[in-house]
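> Residue numbers (this note's numbering): 2 to 417. Before I ask anything, here is the structure I am working with.
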Amino acid sequence: MDYHSVTCCNNRKTTEEIFDHFDDIREKMLKLTPEELLDQYLTVLPIDHGCKFNMGKKDEYFTPTERNNSLCSMCKVFSRLYSPEKSSKFCIECGSMKGKRLQVIRSTTPDTFLVDSGTHRKVLIGCAEDDACLKKVQFIDYLGGDVFTTNLLISWILEEKLYKHRTILNTYAGFICGDEVFTITERVDYKNMTELMDAHRDNQAELIEGILLQVVASLDKIHDMLFNFNRIDYNSIGFKDRPNNYKYGDVDIKCPVTVKMSGFGRSSLMYKGRRLIHDADYNRVYTYKRTITPKIKSFTVEKEELFMLDRETISYYYYDEINTPIMPPAINIYVIWIMLMTNVEVYELVNSDLTLQKVWRGIWIGTDAYKKINDRIVSIHRADGDPSFVNILEVIEGIYLRCNVSDYIIEKYTVK
2 MDYHSVTCCN NRKTTEEIFD HFDDIREKML KLTPEELLDQ YLTVLPIDHG
52 CKFNMGKKDE YFTPTERNNS LCSMCKVFSR LYSPEKSSKF CIECGSMKGK
102 RLQVIRSTTP DTFLVDSGTH RKVLIGCAED DACLKKVQFI DYLGGDVFTT
152 NLLISWILEE KLYKHRTILN TYAGFICGDE VFTITERVDY KNMTELMDAH
202 RDNQAELIEG ILLQVVASLD KIHDMLFNFN RIDYNSIGFK DRPNNYKYGD
252 VDIKCPVTVK MSGFGRSSLM YKGRRLIHDA DYNRVYTYKR TITPKIKSFT
302 VEKEELFMLD RETISYYYYD EINTPIMPPA INIYVIWIML MTNVEVYELV
352 NSDLTLQKVW RGIWIGTDAY KKINDRIVSI HRADGDPSFV NILEVIEGIY
402 LRCNVSDYII EKYTVK
């Protein structure tokens, strides 16, 4: 961003102009084709490896002249908004964005990159029929990025796609300063279900139903992008303390809070004919061409398209950091709902509320699947600490899962 190009009365930069420039960077990035992204990504992204301020990390005194000559454009901009050396969280105090609560997420990355990961064999999953949720595609081209790059691009892509849903954490800017990467996002009001349930004692059923429908509607909307969340944890979903009421098809979604999904550094999706993925080490891409087809079994039972994960696939899905397998989009819904159910209060509410329990029971196929799933979740309740992503995947190991689980849930809430 060219900081010095931002002008207004008395040469003071307003918050509106600053964030307009952030929007310009994002829009420019999203207009690029995959080939243009490969060529221009690191030129569009604000980068200054020689900044002497490093967003407050380097505790030095700078005279006005030194500050002008030694600080990168982004450090100058954010020094106008808050004191980077004091806190990573701040609130906009004036202008049309007054009251917005933002945060600066900083991390060190060995390399920031976006590379052509070549053409890999696509992992074939789901059912083989043409009308199944996933069709057979033999080969596919990949774009591989580091965690920072993948998170930034997928956040922006999903924000644009799910603009009306408002369920993606707003990411305003990303940049490189010194030897660190920075992401500027909005802040959530609740990060865990215990606090959220405590704050909504009088409408907990409406709360959980609204959260579920926001997640399902959002993931259903991006179904064709074959989005794979990957490694969902308790930091992946937060909540803004404001109602989110909208209509998705024939479903009325009403919730006292707004779901905010984030943490897409290891996610993947289809974007303009390429699959954008996280590459653990771009230097390894051209020699590491291992192709593994996870043993994801597919079935047709009473005209229901189903799939099942085994232990080997779960291990592969978690540990392989390249050639990320394209799991059925339905897996995201199952994993997120199970993650919510690892909270004891949510689990008890879902299994006692007639509507929620009917839907929860209905997404499991087989005579003993419902009991087996509940037993596995209860065992997580008895363990110490939060379950890992693998723990959550193990809950559904060997269980029939609906390929069309989003359609099933949406149909149950459709206004007749």
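Beta carbons: idealized from backbone N, C-alpha and C, even for Gly. Here the structure is a predicted model, which is why all the values come from computation and not from measurement.
For L355, does the count of other Cβ atoms within 10 angstroms reach 16, so buried, or fall short, so exposed?
Taking the first residue of the sequence shown as position 1, residue 355 is located at position 354. It is exposed - the Cβ of L355 has fewer than 16 other Cβ atoms within 10 Å.
> Thinking C-beta only, is D251 closer than 8 Å to T415?
Numbered from 1 along the sequence shown, position 414 holds the residue referred to as residue 415. Numbered from 1 along the sequence shown, position 250 holds the residue referred to as residue 251. Contact flag set, yes.
> Considering only C-alpha positions, which residue in the set N70, F79, I400, L144 is nearest to Y173?
Taking the first residue of the sequence shown as position 1, residue 173 is located at position 172. Of N70, F79, I400, L144, the residue nearest in Cα terms is F79.
> Among G146, T109, W361, I141, which one has its Cα closest to the Cα of V116?
Start at 1 with the first residue of the sequence shown, and residue 116 comes out as number 115. Checked all of G146, T109, W361, I141; the closest Cα to V116 is G146.
> How is the alpha helix (DSSP H) around K58 delimited, first residue to last?
Taking the first residue of the sequence shown as 1, we reach residue 58 at position 57. First-last for K58: undefined, no H or E at that position.
> Residues bridged to A174 by DSSP?
In the sequence shown, counting from the first residue as 1, residue 174 sits at position 173. According to DSSP, which records beta bridges pairwise, A174 is partnered with I185.
> Can you tell me whether S269 is helix, strand or coil according to DSSP?
One-based indexing of the sequence shown puts residue 269 at position 268. Reduced to three states, the DSSP call for S269 is strand.
> Is the beta carbon of M194 less than 8 Å from the beta carbon of Q205?
The residue you call residue 194 lines up with position 193 of the sequence shown. The residue you call residue 205 lines up with position 204 of the sequence shown. Contact flag unset, no.
> So, C95 versus G179, is the Cβ gap smaller than 8 Å?
On the sequence shown, position 94 is the one that residue 95 refers to. On the sequence shown, position 178 is the one that residue 179 refers to. No, Cβ-Cβ distance for C95 and G179 is not below 8 Å.
> With contact counted as at least three CB pairs below 8 Å, one residue from each stretch, are the stretch 84-98 and the stretch 33-43 in contact?
The stretch 84-98 is not in contact with the stretch 33-43.
> Only counting the same chain, and skipping five residues up and downstream in sequence, which positions put a Cβ closer than 8 Å to that of S71?
Mapped onto the sequence shown, residue 71 falls at position 70. Once the five neighbours on either side are set aside, the close Cβ partners of S71 are C52, K53, F54, F63.
> Run the CB neighbour count on P244, radius 10 Å, all protein chains shown included, and call it buried at 16 or more, exposed below.
Walking along the sequence shown from the start, residue 244 turns up at place 243. So P244 counts as exposed.
> Thinking C-alpha only, which one of L159, T110, T186, F91 is nearest D280?
Counted from its first residue, the sequence shown places residue 280 at position 279. Taking only the C-alpha atoms, the option nearest D280 is T110.
> Considering just the uninterrupted stretch of the beta strand (DSSP E) at N229, what are its terminal residues?
Here residue 229 refers to the residue found at position 228 when the sequence shown is read from its first residue. Run containing N229: none; DSSP gives neither H nor E here.
> Quick one: is S237 buried, meaning 16 or more other Cβ sit within 10 Å of its Cβ, or exposed?
Start at 1 with the first residue of the sequence shown, and residue 237 comes out as number 236. With 16 or more Cβ atoms within 10 Å of its Cβ, S237 is classed as buried.
> What three-state label does DSSP hand E17 in the structure shown?
Within the sequence shown, residue 17 is the residue found at index 16, counting from 1. Reduced to three states, the DSSP call for E17 is helix.
> Tell me K241's beta-bridge partners as DSSP assigns them.
Walking along the sequence shown from the start, residue 241 turns up at place 240. The partner list for K241 (beta bridge, DSSP) reads T259.
> Can you tell me whether DSSP reads H382 as helix, strand or coil?
On the sequence shown, residue 382 is found 381 positions in, with the first residue counted as 1. In this structure, H382 counts as helix in the three-state DSSP scheme.
> Run through DSSP, which three-state label would C92 get?
Against the sequence shown, residue 92 aligns to sequence position 91. C92 falls in the strand class under three-state DSSP.
> Roughly how many angstroms lie between the CA atoms of D387 and I315, to the nearest whole one?
Numbered from 1 along the sequence shown, position 386 holds the residue referred to as residue 387. Numbered from 1 along the sequence shown, position 314 holds the residue referred to as residue 315. Cα-Cα distance, rounded: 19 Å.
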